[in-house]
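Trainee:
Number of protein chains: 2
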Amino acid sequence: MNSLNVIKIGGKVIDDEQKLDTFLKNFVSIEGPKILVHGGGSIASKMGERLGITPKMIEGRRITNTETLELITMVYGGLVNKKIVSRLQSLDVNATGLSGADLNIISAKKREPKPIDFGWVGEVSNVNTEWLTRFLKQGVIPVLAPLTHDSKGSMLNTNADTIASLVATALTTEFETKLTFCFEQEGVMNKGKLITEMNLLLYRHLKDTGIVTNGMIPKIDLGFSALKSGVQKVSVRSFEAVSQSISGTNLIS
Amino acid sequence: MNSLNVIKIGGKVIDDEQKLDTFLKNFVSIEGPKILVHGGGSIASKMGERLGITPKMIEGRRITNTETLELITMVYGGLVNKKIVSRLQSLDVNATGLSGADLNIISAKKREPKPIDFGWVGEVSNVNTEWLTRFLKQGVIPVLAPLTHDSKGSMLNTNADTIASLVATALTTEFETKLTFCFEQEGVMNKGKLITEMNLLLYRHLKDTGIVTNGMIPKIDLGFSALKSGVQKVSVRSFEAVSQSISGTNLIS
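Which chain is which? The protein sequence lines are A and B, in order.
Everything in the first sequence is counted per numbering that gives the first Met the number 0, starting at 0 for the first residue and increasing by one.
Everything in the second sequence is counted per numbering that gives the first Met the number 0, starting at 0 for the first residue and increasing by one.
#1: Quick one: any contact between the segment 57-72 of chain A and the segment 86-94 of chain A, if contact means 3 or more CB pairs under 8 Å?
#2: Name the two residues that bound the continuous beta strand (DSSP E) containing M73 (chain B).
#3: Closer than 8 Å by beta-carbon distance: list the chain A residues that pair up with N103 (chain B), in chain order.
#4: Determine the closest residue to I257 (chain A) out of A:G9, A:N158 and A:I245, with distance taken between C-alpha atoms.
#5: Spell out whether any CB of chain A is found under 8 Å from the CB atom of V326 (chain B).
#6: Per the contact definition of three or more C-beta pairs closer than 8 Å, is the segment 99-116 of chain B in contact with the segment 4-12 of chain B?
#7: Check whether the Cβ of L146 (chain A) lies closer than 8 Å to any Cβ atom in chain B.
#8: Determine the closest residue to I57 (chain B) out of B:P112, B:A100 and B:E129, with distance taken between C-alpha atoms.
#9: Measuring only between beta-carbons, confirm whether R60 (chain B) sits less than 8 Å from chain A.
#10: For chain B, find out if any of its Cβ atoms is closer than 8 Å to the Cβ of S41 (chain A); answer yes or no.
#11: From what residue to what residue does the beta strand (DSSP E) around V139 (chain A) run?
#12: Can you tell me whether K81 (chain B) is buried or exposed, with buried defined as 16 or more other CB within 10 angstroms of its CB?
#13: Quick check: is any heavy atom of the ligand FAD less than 7 Å from the C-beta of T147 (chain B)?
#14: Starting from the beta carbon of R236 (chain A), find every residue of chain B whose beta carbon is closer than 7 Å, and list them in chain order.
#15: Along the chain, which unbroken stretches of the beta strand (DSSP E) at least 3 residues long are found entirely within the segment 121-198 of chain A?
#16: For A94 (chain A), report the span of its beta strand (DSSP E) as first-last.
#17: Determine the chain A residues that contact E69 (chain B) at a beta-carbon separation under 8 Å, and present them in chain order.
#18: Excluding sequence positions up to five away, which residues of its chain have a Cβ less than 7 Å from the Cβ of L226 (chain B)?
#19: Alpha carbon to alpha carbon, how far is Q184 (chain A) from R86 (chain B)? Give it in angstroms, no decimals.
#20: Is there at least one Cβ from chain B nearer than 8 Å to G118 (chain A)'s Cβ?
#21: Is the CB of R110 (chain B) under 8 Å away from at least one CB in chain A?
#22: Can you round the beta-carbon distance between V187 (chain A) and M215 (chain A) to whole angstroms, since I take them to be within the 8 Å contact cut?
#23: Excluding sequence positions up to five away, which residues of its chain have a Cβ less than 7 Å from the Cβ of G40 (chain A)?
#24: From B:F26, B:S98, B:K108 and B:P54, pick the residue whose C-alpha is nearest to that of S237 (chain B); which is it?
#25: Buried or exposed for G31 (chain A), going by 16 or more other Cβ atoms inside 10 Å?
#26: Thinking just about the alpha-carbon of each residue, which of B:S28, B:Q88 and B:F174 is nearest to the one in S2 (chain B)?
#27: Rounded to the nearest angstrom, how far is the Cβ of D149 (chain A) from that of L155 (chain A), given a contact under 8 Å?
#28: Taking C-beta to C-beta, are V120 (chain B) and L102 (chain A) nearer than 8 Å?
#29: Anyone know if the C-beta pair for F223 (chain B) and L199 (chain B) falls short of 8 Å?
#30: Can you list the residues of chain B that K151 (chain A) reaches, using a CB-CB cut of under 8 Å?
#31: Following the continuous alpha helix (DSSP H) through S224 (chain B), name the residue where it begins and the one where it ends.
#32: Among the residues of its own chain, which have a CB less than 6 Å from the CB of Y75 (chain B), if the five just before and after it don't count?
#33: Which first and last residues belong to the alpha helix (DSSP H) in which L87 (chain A) is found?
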């Protein structure tokens with residue numbers, strides 16, 4: 000089986016021209032088939048401010064009302080996605096941008112409105128690997144926006160970490176998949192020191208002692224869940240270390 | 000050779016939920032391979048107003064400065080494109096949204112800045128038919144946004160009518176192509192009467208007598224040029240008549 004890298008990159012790196020350039024150059028240097036999943040929340044927030052869209056939050060989580068759905072469809076599916084795809088083309092690699100609606104790659108169900116109605120948020124129901132596999136086998140890099148669709152004509156907002164984890168898992172039937180969450184830190188840190196390996200026991204300890212906190216918890220949970228579902232390697236590392244020349248935090252079972 | 004329909008639809012139809020529904024239902028009823036090319040200028044203008052982006056015009060033509068390029072990349076590549084793709088998926092047809100950067104389908108050169116600098120506007124240099132053909136042969140509808148790329152990392156603004164005409168022409172190597180420009184009128188009208196057939200001689204006469212005016216001229220010019228380059232049928236017709244049940248204006252050589 001060929002190996003496949005599924006790499007997630009967040010909006011803060013994409014929003015910084017120099018960081019994005021560094022990341023993309025490292026990214027294209029990774030050999031073999033690869034998929035890039037991007038976020039863009041920070042860029043959507045800025046654009047939302049300019050449009051006078053006030054983020055509605057419940058319990059620290061954003062509500063995707065109709066105007067927010069339009070905003071993120073524009074920003075994730077258009078602005079961010081096409082920026083990345085055109086940059087990849089300029090680096091002489093073929094790539095294609097995809098939302099979940101394109102080729103019906105990721106269908107989802109609108110999250111139940113109870114106990115909290117989060118609006119147009121999608122829980123992934125299916126990842127369709129047919130076209131993804133076809134692209135990968137032809138040397139094309141799929142660039143996935145964090146958008147799914149409900150098969151009833153609406154786009155849905157879906158977390159980019161979740162998409163990366165589920166796509167990596169779905170493609171284990173075709174590839175030995177590696178999942179990498181890239182961000183601005185070296186990995187999971189404790190008192191300024193990088194944790195290079197983390198199993199579930201250590202993870203629980205670090206959560207209990209407040210070392211691993213809010214922002215990181217869903218990411219690591221998704222990572223362990225992918226590992227359990229057949230993904231071969233999961234790591235959390237710096238956007239500068241995507242080609243794995245510098246260490247990050249590897250999750251181990 | 001199989002026949003292929005390349006259909007262009009403008010922003011004013013897309014921006015009206017009822018018209019869009021009517022159009023898409025008629026569109027999917029057309030048998031065989033088809034490509035949809037969409038505009039979105041009126042939607043981009045509204046969004047631009049909300050963002051405080053003042054359209055800059057020279058000689059009645061819009062200048063695509065950097066913030067306008069970002070605006071149209073969001074609106075055409077994200078908002079409009081994903082709306083159409085998700086609606087098509089809900090009608091049980093597989094479709095994929097594409098800008099010129101995706102799969103390097105349409106590369107372009109930034110228009111020469113002299114005599115007038117129109118900014119980030121692309122003159123198409125190549126239509127890559129490989130993936131378009133692959134999609135069509137697998138029953139997938141490509142939905143093309145009026146965006147190209149310069150192979151140097153930038154998106155470019157390119158007129159949707161031009162894209163439709165050049166894509167129809169490029170695909171004559173693989174298909175018998177028909178090009179249809181859909182809009183809100185029945186076709187080319189003279190004193191309230193539909194002109195059902197128009198050749199170059201009649202076209203020149205209608206231009207000279209002021210019947211065919213500004214907005215329509217580039218469309219008809221592109222149509223005749225496609226006809227000359229091997230496209231089998233070119234017509235201008237109402238969005239309600241895309242499946243050709245109602246007459247429009249056919250261009251003939």
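Beta carbons are placed, not taken as given, at the ideal position from N, Cα and C, and that holds for glycine.
Mentor: With the given structure in hand:
#1: Segments in contact, no.
#2: For the purposes of this step, residue 73 (chain B) is taken as residue 74 along the second sequence, with counting starting at 1. Annotation for M73 (chain B): no beta strand (DSSP E) segment contains it, though the alpha helix (DSSP H) segment containing it runs T65 to M73.
#3: As a first step, residue 103 (chain B) is located in the second sequence; it is residue number 104 there, counting from the start. Contact of N103 (chain B) with chain A by beta-carbon distance below 8 Å involves Q88 and N93.
#4: Because residue 257 (chain A) is not part of the residues shown, which for chain A are 0 to 252, the question remains open.
#5: Any property of residue 326 (chain B) remains undetermined from this structure, which presents chain B solely from 0 to 252.
#6: Remark: fewer than three beta-carbon pairs, one from each stretch, lie closer than 8 Å, so the segment 4-12 of chain B and the segment 99-116 of chain B are not flagged as touching.
#7: The residue you call residue 146 (chain A) lines up with position 147 of the first sequence. So yes, L146 (chain A) belongs to the interface.
#8: Indexing the second sequence from 1 puts residue 57 (chain B) at position 58. Among B:P112, B:A100 and B:E129, the Cα nearest to that of I57 (chain B) belongs to B:P112.
#9: Taking the second sequence and counting its residues from 1, the one referred to as residue 60 (chain B) is at position 61. Any Cβ of chain A closer than 8 Å to the Cβ of R60 (chain B) would place that residue at the interface, and such an atom is absent.
#10: Walking along the first sequence from the start, residue 41 (chain A) turns up at place 42. Chain B, which has no Cβ nearer than 8 Å to the Cβ of S41 (chain A), makes this no.
#11: Against the first sequence, residue 139 (chain A) aligns to sequence position 140. Element bounds for V139 (chain A): n/a, residue is neither H nor E.
#12: Residue mapping note: residue 81 (chain B) aligns to position 82 of the second sequence, counting from 1. By the neighbour-count rule (16 or more Cβ atoms within 10 Å), K81 (chain B) is buried.
#13: As far as ligands go, the structure on display features none, and thus does not contain the ligand FAD.
#14: Residue numbering aside, residue 236 (chain A) sits at position 237 when the first sequence is read from its first letter. Those within 7 Å of R236 (chain A) in chain B number zero; the least Cβ separation is about 25 Å.
#15: Under the rule that a run must span 3 or more residues, the beta strand (DSSP E) segments found entirely inside the segment 121-198 of chain A read 121-126, 140-143, 146-148, 154-156 and 175-182.
#16: In the first sequence, the residue the question calls residue 94 (chain A) occupies position 95. Counting along the chain, the beta strand (DSSP E) containing A94 (chain A) begins and ends at A94 to L97.
#17: Position 70 of the second sequence, counting from 1, holds the residue named residue 69 (chain B). Here the neighbours are L78.
#18: Translated into the one-based positions of the second sequence, residue 226 (chain B) becomes position 227. Excluding sequence neighbours, L226 (chain B) sits near V233, L250 and S252.
#19: The count along the second sequence starts at 1 and reaches residue 86 (chain B) at position 87. The count along the first sequence starts at 1 and reaches residue 184 (chain A) at position 185. Distance between the alpha carbons of R86 (chain B) and Q184 (chain A) is about 40 Å.
#20: Stepping through the first sequence from its first residue, residue 118 (chain A) is reached at position 119. No, no contact with chain B.
#21: Residue numbering aside, residue 110 (chain B) sits at position 111 when the second sequence is read from its first letter. Judged by the 8 Å Cβ criterion, R110 (chain B) is not in contact with chain A.
#22: Indexing the first sequence from 1 puts residue 187 (chain A) at position 188. Indexing the first sequence from 1 puts residue 215 (chain A) at position 216. That pair is a contact at about 7 Å.
#23: Within the first sequence, the letter at position 41 stands for residue 40 (chain A). Correct list, in chain order: G10.
#24: As a working note, residue 237 (chain B) is residue 238 in the second sequence. The option with the nearest alpha carbon to S237 (chain B) is B:F26.
#25: Residue 31 (chain A) sits at position 32 when you count from the first residue of the first sequence. The residue is exposed, with fewer than 16 neighbouring Cβ atoms inside 10 Å.
#26: Translated into positions along the second sequence, residue 2 (chain B) becomes position 3. Taking S2 (chain B) as reference, the option from B:S28, B:Q88 and B:F174 with the minimal CA-CA separation is B:F174.
#27: Within the first sequence, residue 149 (chain A) is the residue found at index 150, counting from 1. Within the first sequence, residue 155 (chain A) is the residue found at index 156, counting from 1. Rounded, the Cβ-Cβ distance is 6 Å, consistent with contact.
#28: Locating residue 120 (chain B) in the second sequence gives position 121, counting from the first residue. Locating residue 102 (chain A) in the first sequence gives position 103, counting from the first residue. Between V120 (chain B) and L102 (chain A), the C-beta gap is not smaller than 8 Å, which leaves the two residues out of contact.
#29: Here the question's residue 223 (chain B) lines up with position 224 in the second sequence. Here the question's residue 199 (chain B) lines up with position 200 in the second sequence. In contact: F223 (chain B) and L199 (chain B) (Cβ atoms closer than 8 Å).
#30: On the first sequence, position 152 is the one that residue 151 (chain A) refers to. Those within 8 Å of K151 (chain A) in chain B are S89.
#31: For this step, residue 224 (chain B) is matched to residue 225 along the second sequence. Counted as a single uninterrupted DSSP element, the alpha helix (DSSP H) harbouring S224 (chain B) occupies residues I216 to K227.
#32: Here residue 75 (chain B) corresponds to residue number 76 of the second sequence, with the count starting at 1. For Y75 (chain B), where only same-chain residues beyond five positions count, the Cβ hits under 6 Å are G39, A144, P145 and L146.
#33: On the first sequence, position 88 is the one that residue 87 (chain A) refers to. Judged by DSSP secondary structure, L87 (chain A) falls within the alpha helix (DSSP H) whose first and last residues are N80 to S89.
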